Amino acid sequence: QVQVRESGGGLVQAGGSLRLSCAASGITFSRYLMGWYRQAPGKQRELVATIDSAGSTNYGGSVRGRFTISRDNGENTVYLQMNSLKPEDTAVYYCNANRYSVDVWGQGTQVTVSS
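Residue numbers (my numbering): 158 to 272.
Right under this line is the structure:
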């Protein structure tokens, strides 16, 4: 069974840092496009960052320069290092694994940034 599971969310003050982790199982992890998305209350889900099988990255405009996505294929895990956090980064963060017809989402982890 294909699964991804997020961890590492929490409450942090503005200007602080958090690192999210997403562990995948049931897939050949190294072949998958892995991504982080987020959804704030009353808003649509938006792209945070993706990393492909070659390690190429893509970031949403609002996080570029503050967040870094990385992957460890040996551990089947993708990370999101979030620095200089702002209150507007408050959202549920979701992990996604995508390859061809397989598109798997985690249940999300809450990140709350206080001002």
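C-beta atoms are modelled at their ideal positions from N, C-alpha and C, and glycine is treated no differently. Values in this document were obtained by computation on a predicted structure and should not be read as measured data.
_What residue range does the beta strand (DSSP E) around Asn-215 cover?_
Working through the sequence shown from its first residue, we reach residue 215 at position 58. Run containing Asn-215: 214-216, per the beta strand (DSSP E) assignment.
_Can you tell me whether Arg-188 is buried or exposed? The criterion is at least 16 other CB atoms within 10 Å of its CB, across all chains shown._
Taking the sequence shown and counting its residues from 1, one reaches residue 188 at position 31. Flag for Arg-188 reads exposed.
*Is it buried or exposed for Glu-163, if we count other Cβ within 10 angstroms and need 16 for buried?*
For the purposes of this step, residue 163 is taken as the residue at position 6 of the sequence shown. Under this definition Glu-163 is a buried residue.
*For Thr-234, count neighbouring Cβ atoms within 10 angstroms of its own Cβ and tell me buried if that reaches 16, exposed if not.*
Position 77 of the sequence shown, counted from the first residue, corresponds to residue 234. Buried, since its Cβ has 16 or more Cβ neighbours within 10 Å.
*Can the beta-carbon of Leu-237 be found less than 8 Å from the beta-carbon of Ala-206?*
As a first step, residue 237 is located in the sequence shown; it is residue number 80 there, counting from the start. As a first step, residue 206 is located in the sequence shown; it is residue number 49 there, counting from the start. Cβ atoms of Leu-237 and Ala-206: closer than 8 Å.
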